[in-house]
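Keeping their order, the protein sequence lines are chains A and B.
The numbering used here puts the first residue of the first sequence at 5, with every later residue one more than the last.
The numbering used here puts the first residue of the second sequence at 36, with every later residue one more than the last.
Written below as structure tokens is the structure these notes are about.
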Amino acid sequence: MATRAPERPAPPRRPGGKRRLTARHWRHTVDVKASPYAYVAPFFLLFCAFGLFPIGYTLWVSLHEWTLLDDEHTFVGLENFRVLLADSYFWNATFNTLSIGLLSMLPQLLLALWLAHLLNRPLRAQNFFRITLLLPNVTSVVAVVVIFSQIFGRDFGLINWVITSFGLDGIAWRDGTLSSHVAISTMIMWRWTGYNALILLAAMQAVPRELYEAATIDGASSFTQLRKVTVPMIRPTIAFVVITSTIGSMQIFAEPLLFGAYTLTGGQDRQYQTLSLFFYENYMRLDFGFSSAISWMIFVFILIIAGINYLLTNRMKGSIR
Amino acid sequence: MSHPPRRRAARLLVLLIAASLLAACGGGENTPAPGAASGSAAPANTEPVKLTVALFSDFHYGPLYEEFKKTHPNVEITERRAQFNDHHNNLVTQVATGAGAADIVAVEGGFIATFREVADKFHNLNDYGLNSRQSEYLDWKWQLGLSKDGSQLIGLGTDVGGLAMCYRPDLFKEAGLPTNRDEVSALWPTWEQYVETGKKFVAAGGKAAFTDGPGEHFRAMVEQAPVGFYDTSDKVVVGSNPDVRKAWDVAVSMIQNKLSGKLTAFTPEWTTGIAKGTFATMVCPAWKTGVIKDQKPGEGTWDIAAVPGGGGNQGGTHLLAPKQGKHPKEAAELINFLTSKESQLSLWKDASALPSLPALYTDPAVADFVNPYFGDAPIGKIFTDAAKALKPQYTGPKSGDVNVAMGNGLGRIELQGQDPEEAWKQAVADSEKIK
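Put into structure tokens, the structure is as follows:
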């Protein structure tokens, strides 16, 4: 209010076409400069209330010995983090998360590329196939896991039925580290491959047709075209898909929980307990200080991964231009 | 709650009259002493009172509410239900934040210890005269509803989950073992004898395993001991309690003698196995008969014998009144009514909820009840015998978590081939870390 224009009949005294600070003009300036902030404000206010504040508060809780039902919360500094970093179960969960993440992401990406490539060609009933790709994604996680748990069953599972019919021994999918990771990765791939394929397909459709025509004239096969034309042209989109699925893989939760028939430890040997599940196990013991420390470590991991991704994407962009 | 003693005594009297009235109502319809009813009810019960009851499934309380309203016309009851885990998690949050809890809440056996820790967040039902009910109850069930120091009564028990041993007569017959349930019960008065029977079963060379997995057996053995996972000062004593070690060793011998089908309860292999007959016995709390039936193994496929070691219990519920509730007196009266002898009997008939009042165990409706699905097994008698035989054991705040840690240890021996001694050490260390 203090910056308001002094008095109205000012123009003559301001030569050189300097800005006239009339009230109207001022309002216009405010409108141009401030309105955008007002328009995005609702999101940021909500983000502060439900995003930023909880993150900060979680940090505060993580510095305390904090049990939900106790009225007293003693400040313990970084003790929770010290205990956490010395906890072999935490590192076990970190390993499982990375392992399941990698096992699901790499095949998923290749498969999605291949599917998108197939659908990028003139096809009969194109829309039908594209919609079909999305169907696994709209199915509820619970339903997916329940069905896959049956398929990966030890005694009556479909896969073991096939294996044993060849005279081999069935696999106790849930009991081994690698086998359980493969089973869980399969569920994740089932849900997300089609979704990623659609994103890649959208990017592929933006690739100029002439490039393919030229490649065809030069005698490049379909596979060579995919490798030499399509992939380089859609690199930024591939980077996007990689980033979203890595962040998604940090949050794997429902699959291991339900695969283990609702046991929070993710198997007797914690062989498929992910970070989120490890967090949930401690949260369910109402040990809020310790679980807050875990969620902060997950946050740090995500920051690190996002950072690596950022560097890689920058490099990729550089190589295109 | 600092009423002068005289008024408290008066309240008690009112309550007793009400209780005896309810007891009288059980037989005929609206029978005697209308004078007493109006006399006790008229002055206090005029303003309308709304009570909410929060449960984790359909307890079949509907008709009982109607009955209660006959004596408390001013009370309006609404019931809300949530899924089992959500219900208890919500309650923890509501108690911690001091808002949102119902006037009466159901708390299942696995969670009751958590809330005994914070007894001051619940109304002390002793203040409303409900300690008079102590003599009616199974002792251990009553103890579960007390605060840690025993000075406050925070909840009254509804049902119990008596323990039995379910078995498949067809597989027993193949293995040359008796199939009649009394003869089967006679095979295993102790857990060691149960293991011996298992060895015979395995020696007969059938394809099925003798039992599903050692976890539930271990839990049942620990719960039969005088001291379980905790001592009375809430210290985890898993590592030093010889009874826990003994249970562990029996469970390990079950694994080593190949009695177990390497199954974890509620996994798809396990549920399918119930119908397909991959295992011949399993530890069976009363509610597991429902799980068996859901798998449709066929009538008479499973039968029920006594559990080794004499009695046991798994699950069962208490009704508590959180201190947030504005109408503790009416809430206490409703709790008293819902857990009364008459109500528990009608709930047994309607919902197969096993009563927690031993006086009912001789009632023909319970004692003579047979279930045709389980070869006409007298399940009323089997499960109540088990509940009666159980000695009270102090339950620590995180018993459930300790049980998971120990069960995981047994699982590691069986499924990951861990050395039993190492598995024990790790399981004990895991248990002691739980706070």
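The C-beta atom is built at its ideal place from N, Cα and C for all residues, glycine as well.
For clarity, every value in this text was computed on a predicted model and none was experimentally measured.
Kindly indicate which three-state DSSP category residue i falls into: helix, strand or coil?
i: I189/B; result: coil
i: Q349/B; result: strand
i: P78/B; result: Confidence at P78/B is low in this model, with a pLDDT of 46, below 50, so its placement is unreliable and the value that follows should be read with caution. Coil.
i: R125/A; result: coil
i: E76/A; result: coil
i: F157/B; result: strand
i: A53/B; result: Its pLDDT being 46, under 50, A53/B is placed unreliably by the model, and nothing is read from it.
i: P357/B; result: strand
i: H68/A; result: strand
i: I339/B; result: strand
i: P277/B; result: helix
i: N215/B; result: coil
i: A255/B; result: helix
i: A260/B; result: coil
i: N406/B; result: strand
i: V271/B; result: strand
i: S295/B; result: strand
i: A464/B; result: helix
i: D194/B; result: strand
i: Y429/B; result: coil
i: Y202/B; result: strand
i: D291/A; result: strand
i: K181/B; result: Here the sequence assigns Leu to residue 181/B, which means Lys is not the residue at that position. Three-state result, L181/B: strand.
According to the neighbour-count rule (16 or more other Cβ atoms, all chains shown, within 10 Å of its Cβ), is residue i buried or exposed?
i: A210/A; result: exposed
i: T66/B; result: Its pLDDT being 37, under 50, T66/B is placed unreliably by the model, and the measurement read from it follows with that caveat. T66/B is exposed by the Cβ-count criterion.
i: G81/A; result: exposed
i: P390/B; result: buried
i: I312/A; result: exposed
i: S189/A; result: buried
i: E365/B; result: buried
i: R501/B; result: No answer is possible for residue 501/B: the residues shown for chain B start at 36 and end at 470.
i: L57/B; result: At L57/B, the pLDDT of 43 sits below 50, so the modelled position is not reliable; the number obtained from the coordinates is stated separately. By the 10 Å Cβ count, L57/B comes out buried.
i: S275/B; result: exposed
i: I59/A; result: exposed
i: S73/B; result: Bear in mind that the predicted position of S73/B carries a pLDDT of just 38, short of 50, making it too unreliable to give a figure here.
i: G333/B; result: exposed
First and last residue of the alpha helix (DSSP H) that includes residue i?
i: L99/B; result: 97–106
i: L90/B; result: Here L90/B belongs to no alpha helix (DSSP H); instead the beta strand (DSSP E) covers 84–90.
i: I247/A; result: 239–254
i: I188/A; result: 181–209
i: N120/B; result: 119–132
i: T33/A; result: 27–51
i: R336/A; result: Chain A is shown from 5 up to 325; residue 336/A falls before or after that span and cannot be answered.
i: Y229/B; result: 226–238
i: V389/A; result: Within the shown structure, residues of chain A are numbered from 5 to 325, placing residue 389/A beyond reach of any answer.
i: G241/B; result: G241/B -> no alpha helix (DSSP H), and no H or E assigned at all.
i: S391/B; result: No alpha helix (DSSP H) contains S391/B, which DSSP labels as neither H nor E.
i: N438/B; result: 434–450
Could you tell me which chain A residues have their CB closer than 7 Å to the CB of residue i, listed as they occur along the chain?
i: E152/B; result: L73
i: E304/B; result: G157, R158, D159, F160
i: A131/B; result: L72, L73
i: T313/B; result: D159
Which residues in chain A sit within 8 Å of residue i, going by Cβ to Cβ distance?
i: I469/B; result: R289
i: K423/B; result: Chain A residues near K423/B: none, gap ~32 Å exceeds 8 Å.
Please list, in chain order, the chain B residues whose beta carbon lies closer than 7 Å to that of residue i.
i: T269/A; result: V439, N443
i: D179/A; result: L450, Q451
i: S153/A; result: P303
i: D273/A; result: R447, Q451
What residue does the beta strand (DSSP E) around residue i start on, and which one ends it?
i: F314/B; result: 314–320
i: T246/B; result: 244–246
i: R274/A; result: From DSSP, R274/A is part of no beta strand (DSSP E); its letter is neither H nor E.
i: E114/B; result: 110–116
i: A141/B; result: 139–143
Strictly below 8 Å CB to CB, what residues from chain B border residue i?
i: D222/A; result: None at all; the shortest Cβ gap to chain B is about 54 Å.
i: A176/A; result: K297, L450
Kindly list, in the order they appear in chain A, the residues whose Cβ is closer than 9 Å to that of residue i.
i: K433/B; result: R289
i: T307/B; result: Q154, G157, D159, F160
i: T336/B; result: In chain order: nothing, as chain A lies at least about 17 Å away.
Consider the C-beta atom of residue i and the heavy atoms of the ligand COA; say whether any pair is separated by less than 7 Å.
i: I135/A; result: Among the components modelled here there is no ligand, and therefore nothing to report on the ligand COA.
Considering only residues of the stretch 107–158 of chain A, which uninterrupted alpha helix (DSSP H) runs meet the minimum length of 4 residues and lie entirely inside it, listed in chain order? 130–142, 145–155
With 7 Å as the C-beta to C-beta threshold (strictly closer), list the residues of the stretch 254–265 of chain A near chain C in chain order. Absent from the structure: chain C. Protein chains present are A and B.
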